[in-house]
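For reference, the structure discussed in these notes is given below.
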Amino acid sequence: MSGAWNAWSWDTDPEAVRRDVAVAHERFTDSGRVSGPVRPVVGDSWLRSALHGVDPDTTLPRVELTGPTLYDYRDAHPLAFVMPLLRHLLVDTAPGPQIVAVGDASGRLLWVEGDRGLRRRAEAMCFVEGADWHERSVGTNAPGVALALDHEVQVFASEHFARGVQHWSCSAAPLHDPDTGALLGVLDLTGDSHLASPQALALARTAATAAEMELRALRISGRLPTPRRPPRDGAAPPDPGEGGGPPAPRESAGGARLRVLGRDSARITLDGRSRDLSIRHSEILLLLARSPRGLTGDALGARLHERDASPVTVRAEMSRLRRLLGPGLLASRPYRLCRPLATDIDEVRRHLSEGSYRRALESYAGPVLPRSEAPGVAEARDELQAEVCEVLGAGAEPDVLMDWAEHPEWRDDPRVLAAVLPALAPGSPRHAALRGRLRWLGG
């Protein structure tokens, strides 16, 4: 499954993508116009890069932090607390050669670790600790675009704006404070072409989620202080008609929970009381849970449905949902949650990050809101399935994988069967049975 944020889909020839985009990049640098098979997220970034004055032939990042200044800054940074976890997930047990970089919210790389050979090669393009890799400084690259758009993204080979970077590929995901939603920095996987695969983006997303959960756990245990919520720059005045105003104090995650896996509509448990929601209200709460910094009416409408993106329609749905759930959960300007809303998606991801594969499978009751056609929900559905396929396929025991392949929700999913087959003995009856089922499904 391909999407706006993936460099290429499962059935795409990466070399063909590389060649076609290279031609489009040459045309863009000559004419300033984006044409050809260029993803919108990349084409828009090329335009922003040109507006920032980035030269595709000569620009290299500037090293802004070195020596004791760098070490003191990163030791005091909140992301220092999650580096042991990220090293365990992405360096110690890396599925292949890769560089793992973690940067701050301004795009400065604070940690660059991983494969030594790749790191030596990366020094030639100044992909080093202390260097500024924000999009506005060096043009289109995964950590820079992830920070600019606050969304996970891949940049593959010739999609990079600077030609000196086009031998590399990368997948990156933003990192947020789990309580305030503030952008803390970015996690990036850099290396050869395999790091622009759908699996690589799923891995980056899973690791970023695990890091944010680790921050929350450290804060609950008292090992990390609770930050003050930063002001929202440029926020509009409160709208009394929509229940605006400053967000209510956040409560513990146990007070609000949303179940969306394998359900046609969600069930919310709020302060000990449960109720089923309409499909549209299920979609809204899931999308807001995925966007801790909030969404404008236009952004929420676009994620709900391309044919129904009117801010007026969104405002009416939000008013109905606010009346249904009562005060204290929803705020506006932008639309956002005023308290943590845990989901069963979070539960699956937590078990995956802990290596509890059978518990992850038990929690994964089915696709995310399978009847929903909202683009934002479809993205969440495909994203979670890609993560589960990648993590279980790489680390789960054969018995767990077979249980997964025989689960009623997944036994006819070619992605599941393709993930399970490599873990089984090629000559075994189980391998033959799954191979036959996959062939019958057209996989």
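Take 80 as the starting number for the sequence shown in the numbering used here and just add one per residue. The C-beta atom is built at its ideal place from N, Cα and C for all residues, glycine as well. The structure displayed is predicted, hence computed values, not measured ones.
- Query: Does the beta-carbon of Trp-519 have 16 or more other beta-carbons within 10 angstroms, so that it is buried, or is it exposed?
  - Reply: In the sequence shown, the residue the question calls residue 519 occupies position 440. Result: exposed.
- Message: Let me confirm a value: Asp-20 is counted as buried when at least 16 other C-beta atoms fall within 10 Å, else exposed. Which label applies?
- Response: It is not possible to answer for residue 20, since the shown part of the chain is limited to 80 through 522.
- For Ile-408, does the three-state DSSP call read helix, strand or coil? Counting from one through the sequence shown, the residue named residue 408 turns up at place 329. Here residue 408 turns out to be Leu, not Ile, going by the sequence shown. Three-state DSSP puts Leu-408 in coil, outside helix and strand.
- Spatial distance of Pro-116 from Val-100 (CA atoms): Numbered from its first residue, the sequence shown carries residue 116 at position 37. Numbered from its first residue, the sequence shown carries residue 100 at position 21. Those two C-alpha atoms are separated by around 6 Å.
- Query: How about Gly-111: is its C-beta nearer than 8 Å to some C-beta of chain C?
  - Reply: As a matter of chain content, chain C is missing from the structure shown, which is built from one protein chain.
- Query: Going by Cα to Cα distance, which pick from Glu-362, Pro-371 and Ser-276 is closest to Ala-381?
  - Reply: Taking the first residue of the sequence shown as 1, we reach residue 381 at position 302. When only C-alpha atoms are compared, the closest one is Glu-362.
- Message: In the DSSP output, which residue or residues are listed as bridge partners for Thr-348?
- Response: Taking the sequence shown and counting its residues from 1, one reaches residue 348 at position 269. Its beta-bridge partners are Arg-336 and Ser-353.
- Query: Is the beta carbon of Leu-266 sitting closer than 8 Å to the one on Leu-165?
  - Reply: Here residue 266 is taken as the residue at index 187 of the sequence shown, counted from 1. Here residue 165 is taken as the residue at index 86 of the sequence shown, counted from 1. For Leu-266 and Leu-165, yes; Cβs fall inside 8 Å.
- With distances taken from CA atoms, which of Leu-366, Arg-338 and Pro-501 is nearest Asp-355? Taking the sequence shown and counting its residues from 1, one reaches residue 355 at position 276. Residue Arg-338 is the option with its Cα nearest to Asp-355.
- Query: So Pro-135 and Gly-260 are in contact, right, with Cβ under 8 Å, and what is the actual spacing, rounded?
  - Reply: Taking the sequence shown and counting its residues from 1, the one referred to as residue 135 is at position 56. Taking the sequence shown and counting its residues from 1, the one referred to as residue 260 is at position 181. Contact flag wrong, Cβ pair sits at about 34 Å.
- Item | Among Pro-505, Leu-158, Leu-364 and Gly-132, nearest to Gly-111 - alpha-carbon criterion | Taking the sequence shown and counting its residues from 1, one reaches residue 111 at position 32. Measuring from the Cα of Gly-111, the nearest candidate turns out to be Gly-132.
- Message: Taking its Cβ as the centre, do 16 or more other Cβ atoms sit within 10 Å of Glu-476, making it buried, or is it exposed?
- Response: Here residue 476 refers to the residue found at position 397 when the sequence shown is read from its first residue. Exposed, because fewer than 16 other Cβ atoms sit within 10 Å of the Cβ of Glu-476.
- Task: Would you mind stating whether Ala-459 and Leu-374 have Cβ atoms separated by less than 8 Å?
- Result: On the sequence shown, residue 459 is found 380 positions in, with the first residue counted as 1. On the sequence shown, residue 374 is found 295 positions in, with the first residue counted as 1. Taking 8 Å as the Cβ cut-off, Ala-459 and Leu-374 do not qualify as a contacting pair.
- Task: In the DSSP assignment, find the beta strand (DSSP E) that holds Pro-253 and state where it starts and stops.
- Result: As a working note, residue 253 is residue 174 in the sequence shown. Taken as a continuous stretch (DSSP letters only), the beta strand (DSSP E) holding Pro-253 covers 248-255.
- Message: Given this structure, state the Cα-to-Cα distance separating Gly-196 from Glu-208, to the nearest angstrom.
- Response: Residue 196 sits at position 117 when you count from the first residue of the sequence shown. Residue 208 sits at position 129 when you count from the first residue of the sequence shown. Those two C-alpha atoms are separated by around 16 Å.
- Query: Quick check: the stretch 140-154 against the stretch 444-455, are there 3 or more CB pairs under 8 Å?
  - Reply: no
- Item | Residue from Ile-358, Leu-503 and Ala-281 whose Cα sits closest to the Cα of Arg-428 | Along the sequence shown, read from residue 1 onward, the residue named residue 428 stands at position 349. Of Ile-358, Leu-503 and Ala-281, the residue nearest in Cα terms is Ala-281.
- Can you give the beta carbon distance from Asp-194 to Pro-176, rounded, assuming they're within the 8 Å contact cut? Taking the sequence shown and counting its residues from 1, the one referred to as residue 194 is at position 115. Taking the sequence shown and counting its residues from 1, the one referred to as residue 176 is at position 97. Yes, Asp-194 and Pro-176 are in contact; Cβ-Cβ is about 4 Å, under 8 Å.
- Task: Sort Ser-300, Met-397 and Ala-421 by Cα distance to Asp-350 and report the nearest one.
- Result: Residue 350 sits at position 271 when you count from the first residue of the sequence shown. Nearest of Ser-300, Met-397 and Ala-421 to Asp-350, Cα basis: Ala-421.
- Task: Classify Asp-171 as helix, strand or coil using the three-state DSSP reduction.
- Result: Numbered from 1 along the sequence shown, position 92 holds the residue referred to as residue 171. Of the three classes helix, strand and coil, the one that applies to Asp-171 here is helix, per DSSP.
- Cα-Cα separation, Gly-186 to Trp-212: The sequence position of residue 186 within the sequence shown is 107, counting from 1. The sequence position of residue 212 within the sequence shown is 133, counting from 1. Each residue's Cα considered, the two are about 5 Å apart.
- Item | Secondary structure, beta strand (DSSP E): runs of 3+ residues fully inside the stretch 207-238 | 232-235
- Query: Taking the alpha-carbon positions, what's the Tyr-436 to Ala-283 distance?
  - Reply: Counted from its first residue, the sequence shown places residue 436 at position 357. Counted from its first residue, the sequence shown places residue 283 at position 204. Roughly 18 Å separates the two Cα atoms.
- Item | Expected contact under 8 Å - CB spacing of Gly-218 and Ser-128 to nearest Å | For this step, residue 218 is matched to residue 139 along the sequence shown. For this step, residue 128 is matched to residue 49 along the sequence shown. About 4 Å separates the two Cβ atoms, so the contact holds.
- Message: So, at 6 Å on beta carbons, what are the nonlocal neighbours of Arg-336 in its own chain, with the 5 sequence-adjacent residues on each side left out?
- Response: Taking the sequence shown and counting its residues from 1, the one referred to as residue 336 is at position 257. Closer than 6 Å at the Cβ level, and outside the excluded window around Arg-336, lie Thr-348 and Ala-421.
- Considering only residues of the same chain and omitting the five flanking positions on each side of Leu-228, which have a CB-CB separation below 8 Å? Here residue 228 is taken as the residue at index 149 of the sequence shown, counted from 1. Hits under 8 Å: Val-120.
- Query: Is the Cβ-Cβ distance between Val-142 and Cys-205 less than 8 Å?
  - Reply: What you label residue 142 is simply residue 63 of the sequence shown in a count that begins at 1. What you label residue 205 is simply residue 126 of the sequence shown in a count that begins at 1. Their beta carbons are under 8 Å apart, which means Val-142 touches Cys-205 by this criterion.
- Task: Put Leu-112 into one of helix, strand or coil per three-state DSSP.
- Result: Here residue 112 refers to the residue found at position 33 when the sequence shown is read from its first residue. According to the sequence displayed, residue 112 carries Arg and not Leu. Correct three-state label for Arg-112: coil.
- Message: Suppose the cutoff is 6 Å on Cβ atoms and the five residues either side in sequence are ignored; what does the same chain contact list for Ala-465 look like?
- Response: In the sequence shown, counting from the first residue as 1, residue 465 sits at position 386. Closer than 6 Å at Cβ, skipping near neighbours: Pro-277 and Ala-281.
- Query: How long is the line joining the alpha carbons of Ala-378 and Ala-345, rounded to whole angstroms?
  - Reply: Walking along the sequence shown from the start, residue 378 turns up at place 299. Walking along the sequence shown from the start, residue 345 turns up at place 266. Approximately 21 Å, taken between the alpha carbons.
- Where does Asp-258 fall in DSSP's three states? As a working note, residue 258 is residue 179 in the sequence shown. Correct three-state label for Asp-258: coil.
- Query: Among Ala-203, Arg-302 and Asp-425, which has the Cα closest to the Cα of Tyr-443?
  - Reply: If you number the sequence shown from 1, residue 443 lands on position 364. When each option's Cα is compared against that of Tyr-443, the closest is Asp-425.
- Message: Residues in the same chain with beta-carbon distance under 7 Å from Thr-285, minus the five sequence neighbours each way, listed in chain order, please.
- Response: Working through the sequence shown from its first residue, we reach residue 285 at position 206. So the qualifying residues of the chain are Arg-428, Leu-431, Ser-432, Glu-466 and Val-470.
- Endpoints, alpha helix (DSSP H) assigned at Val-479: Within the sequence shown, the letter at position 400 stands for residue 479. Counting along the chain, the alpha helix (DSSP H) containing Val-479 begins and ends at 477-484.
- Query: Alpha carbon to alpha carbon, what distance is there between Leu-168 and Glu-396?
  - Reply: Reading the sequence shown from its first residue, position 317 is the one you call residue 396. Reading the sequence shown from its first residue, position 89 is the one you call residue 168. Their backbone Cα atoms lie some 40 Å apart in a straight line.
- What span of residues does the alpha helix (DSSP H) with Glu-192 cover, start to end? Here residue 192 corresponds to residue number 113 of the sequence shown, with the count starting at 1. Glu-192 -> not in any alpha helix (DSSP H); beta strand (DSSP E) instead, spanning 188-193.
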